[in-house]
Structure formats: C-alpha cells, structure tokens
Amino acid sequence: MSEGARGHQLGRYLLGSRISTGGMGEIYLATQHGPGAFAKPLALKLLLPHLASEPRAVEMFMSEARVAARMAHPNVVQIFDVGQDAHRYFLAMELVRGVALSTLINRLRTPPPAEVVLYVARALLDGLTHVHGLAQNGVPLRLVHRDVTPHNVLVSVHGEVKLTDFGIAKAADQAPNTEAGTFRGKLGYAAPEVCRGDGAEQRSDLFSAAVSLFHFATLVAPFRRGTGPETMLASISAPLPDLRALRPDLPDAFADALQRAAAKPLEERFATAAEFRAALPAPASMEAVGALGRLVAEACGSEVSSLDDRTQELSLPSHTESSTSPSAVRRVWPYSLGLGLALATGTYVLVHSNDAVEPPPEPVALVDARSREAVAPAARVIPAAVAPAEAPAPAREDPAEPAAAAPAVEPAHPVRRAKARPAEVAGGFLRVDADPWALVTVNGKALGQTPLAKAAVPSGALTVVLRNPTTGHQIRHQVQVAPGQTVTIPRVDLR
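When we follow the numbering used here, the leftmost residue of the sequence shown carries the number 516, and every step to the right adds one.
Set out below in structure tokens:
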C-alpha cells in the first residue's frame, strides 16, 4: 500500500494517511466506524506486502502481537486487534497523541526540567516492571523487550508515558529468532552482553532504560560514536558519564540508580525492573504530568497539530474502497493468541513520530572486544575510516526540520516493488538502513532509499555509499556479496 491507500477499507478499518514506514512494517492512521456515527481513531501497523510470503517475517510480526496482547498497563501501548485482509497482516493499536521520546529529545534545545525527567523515568520503569513480571498460567514468561530506547517510548500532550514496539521481544519459552553472531536492537543503547553476542536477558533491558533516561536528561547519547563498531565498543567498555556533572539539579539518588543499572557486569545491575524503579526518587513537584504534556505540546506542536488535522479529516465518512468485506477478514486473534479483547474506553490518543514505526532492526555485525573489530559472520563489511568522537555530543534522533523527515515517511522503494529472480541473475541481496535516512548507491548506481530490507544487488565486490542530502553526511562501505547471499550493513548514523 502507499499514500494512495487513503480511504481504503481494510476489514472494518478505514485507512487514513501513512504515518511512517520501515524495513518490515508501515503504520497508518485509521478509524473503526460503527452504528450511530461511532468512530474510533487508532493506528494500523501493516506487514509490508513483499514480506507476507516470508514465514520468518510473518512469525516475527505475529510474535509481536502475541507478546503485546498480554499487556494491560497504562504505561504500555495496547493492542486491540490482529487480522489478515487481502494477504496483509495487521495490528490495530492504541494511538498516543504525542511523539516518541526520541523526537522530543531532538526538538529540545535545553535539557528537560528535573521533575519531568524523574516522572518519565518512574513511568517507564512501571511499564517495564509490568512487562518483565508477566506470567501465563502462573508461570513467569520472563519477557525481554530487547529494544528499550527513546524511539520506543511514547510521550503525549496529556503527560502519558508508554512503552511500545514489541517486535523483537522474546519470552523464555520462545525459540531464538536471532542468528548467532548478530543482535537486534539499536546501537548506542544495547547492553555490553548484547553487543558481544551473548544474548539478552531482563537486566539487559535495565541497561538500555538507563542509557535512554541519561539521553533524555542530558540530550547527550553517552555511547554514540562515529561508526557502528566504535559505538559498540563504547557500550562494552566506556563508563556511563557522571550525570552529576551534567545535571547537578537532579537528585544524587537518581544518578546513582542510572550508574548501577548501566553497570557493565550483569551481576552489578539491579536484579529486577521493580528494584530499579524503587531506587528512583519521586518528582519534587506534583505537576510533573502536566509539565511533560506542556513540554511535548510546546516542543512538538507542529507534529501534534498535523496529526489532529488528519485524524479529524479521517473521522468524517467519505468514499471508501474496500478490499474485502469486513466479514471476510481473517481474524487471527482469538485462537492463535488465546486472549480475549476489550476495547479501551475514554478519550483516544494519537501516535506520531518519525520513529514510530521502528521495525525490528536488521541484524548487524557484533563486536569482539578482544580484537576490537567488527565481525560479520556472513560477509566482510569494511566501513570507511571515521574518526571516533572523543566525547559524547548531543545527538538528534531526527532531521532538524519536520520537512526533512518527509522522505522517511514517504520513501521510494523501487527495488521492493520488483520480485527478485535469483535464477535469472546470479546476484545477492543487501539489507541496509540509516538514521534518519539515506540514498543508497552501489558501484555508482542508484539502489534506492533506506530502509532497504532485501534489495537485489550484483554479486562480487561492491562499493556501497549512503548519503543524506539534508544533513550532508555520507558513509562508504566495501562489501563482498556471494551469489544468493544476503549481506547486512549495520545501521549507519548520518545525523
């Protein structure tokens, strides 16, 4: 589907404008209409059509639904429905009238007030405590989110804080869905053990939460460096900077809690999210909820206003094009998930962020701390030399202006629309993504715009260049692709 899908009826949901798209999914504004002028705004997350025939991608998408369906907490985004229509799998989700924390970080020019930082920290840990404590038939699931980052924390104009995106979350009873020698998550927030390829556990989420909160409190990404391998090495070996030096107005107990949660050895961290939460001091002001809402409204007013306008337009009945009748929609929820549904009551909220559709990131090469080199099990990926940052610097999660982010919302994917036919061409495939986005060339020829989930490329030695015209940054990779092989280039930072 594309922006031309506006007004398209997907089962019982009317699609509006597309919010964002990524390597595996795309999110649309949508409305569920019913008798008596009933209209419920929400968000639909759709699996990209070219992935619908890939069992692994479908299983990851449905795994997200199974995991998220168990959540029932004010600090976790709620899933309402799961279905399949015209070969498109979709999730119907709660919408938050706000932005991702990463977008708020990008818009702020000065660090947020202390009471807002403390409130967001406690709310995030409340949600994570709920996730980690879930059980089924009395048996703990030991869920691990594996991607607790500012991109996956939503903040609203009402002062809400909600953890989202369980696309790569894993329960203890699930088979691994990550290949050996790779990890899933976001560079700069992943715990040392994840960067080393040792796997993730619940205390890995605590590390990521601490780094995310440090980033929000200071507007500094503490472990981000010039390249992916350098960022991984910093996460493995560099200490978390002293928060007291950057935010002396925050309580010492808060700084101590972040230091402990971000300890490099697992055994030195808090044992549970609840223990981490208990160590966080409460905001001094009772107005922290309202203060967060005002901060979101002031810093991200254009994003919120735009979504309000689009949602109001969508709530008005109009001509629609139905792919199938609602009764023909295949409901995969009640039996495959084994859970009943209850639609939330009360006022609706909208979700918007350039990051809101962060798909489960593609695997990237892990770092061996002993050799201090990136190790890619499937291919040699040699990034161009980039001088590492000597000290962390304020990092922006999105392009400076909303208009610059438009390509990320409406990317062109010419390669995705063509079915690869390996039998005709002895080539391979390339997975590549960039933050915020990039134009990709291979051996001087245009390949497309990130994210590219499985782009067909020739086999042999390739020079891959990623360039963001808005920021003016680019990076060059040399890769070797064997016939039929899929090579993944680690997500690059072009901000």
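Don't be surprised by glycine CBs; every beta carbon is placed ideally from N, CA and C.
This structure is a prediction, so every number in the text was calculated from the model and none was measured.
- Cβ neighbours of V1007 within its own chain (closer than 6 angstroms, five residues either side excluded): A949, L981, I990.
- When DSSP states are grouped into helix, strand and coil, D757 belongs to the coil group.
- In the structure shown, G531 adopts extended strand secondary structure according to DSSP, grouped into three states.
- Across the structure, P628 and Y704 are spaced so that their CA atoms are roughly 23 angstroms apart.
- Under the three-state reduction of DSSP output, R1010 falls in the coil class, being neither helix nor strand.
- Listed in chain order, the non-local C-beta contacts of E630 below 8 angstroms within the same chain comprise P798, A799, S800, E802, A803, A806, local neighbours out to five positions each way being set aside.
- If you draw a 10 Å sphere on the C-beta of A580, you find 16 or more other C-beta atoms in it, and that means buried.
- Judged by pairs of C-beta atoms under 8 angstroms, the segment 549-564 does not touch the segment 642-657, as fewer than three such pairs exist.
- Cβ contact annotation for L649 (same chain, cutoff 7 angstroms, sequence separation greater than five): R585, L656, L658, in chain order.
- Here the C-alpha atom of K960 lies approximately 11 angstroms from the C-alpha atom of L977.
- R982 carries a strand assignment under DSSP once its states are collapsed to helix, strand and coil.
- For T956, the enclosing beta strand (DSSP E) stretches over residues 954-957.
- Taking C-alpha positions only, F553 is separated from F605 by approximately 22 angstroms.
- When M539, G526, L557, P550 are compared, the shortest CA-CA separation from S532 is found for L557.
- Here L967 has V930, L945, R946, V947, V955 as same chain residues with Cβ atoms under 7 angstroms from its own Cβ, once five neighbours each way along the sequence are excluded.
- Shown here, I751 sits in a helix according to DSSP, grouped into three states.
- In the same chain as R792, and ignoring 5 residues on each side of it, the C-beta atoms closer than 6 angstroms to its own belong to L640, T644, in chain order.
- In the DSSP assignment, V597 is bridged to L606.
- When C-beta atoms of the segment 754-773 are compared with those of the segment 808-818, fewer than three pairs fall below 8 angstroms, so the two segments do not count as touching.
- Using a 10 angstroms sphere on the CB of D824, the tally of other CB atoms stays under 16, which defines it as exposed.
- Counting only residues of its own chain and dropping the five nearest sequence neighbours on each side, V676 has a CB closer than 7 angstroms to the CB of N590, V635, A638, L639, V668, V670.
- T625 sits exposed, since fewer than 16 C-beta atoms from the chains shown fall within 10 Å of its C-beta.
- Along the length of the segment 538-588, whole alpha helix (DSSP H) runs at least 4 residues long occupy 570-584, reported in chain order.
- Cβ atoms of F785 and A776 come within 8 angstroms of each other, at about 6 angstroms.
- In the same chain as V957, and ignoring 5 residues on each side of it, the C-beta atoms closer than 6 angstroms to its own belong to V972, L977, V979, in chain order.
- Around the beta-carbon of D720, 16 or more other beta-carbon atoms lie within 10 Å, marking it buried.
- Residue pairing by DSSP places P655 opposite A650 in a beta bridge.
- Counting along the chain, no beta strand (DSSP E) covers Q774; the unbroken alpha helix (DSSP H) around it starts and ends at 767-776.
- In this structure, A941 lies away from P984, with their beta-carbon atoms at least 8 angstroms apart.
- In this structure, the beta-carbon distance from H992 to I1004 falls below 8 angstroms.
- For the set E783, M575, A753, the Cα lying nearest the Cα of G540 is the one of M575.
- In the three-state scheme derived from DSSP, where H, G and I count as helix and E and B as strand, R809 is classed as helix.
- Between the alpha carbons of K701 and L529 lies a distance of about 33 angstroms.
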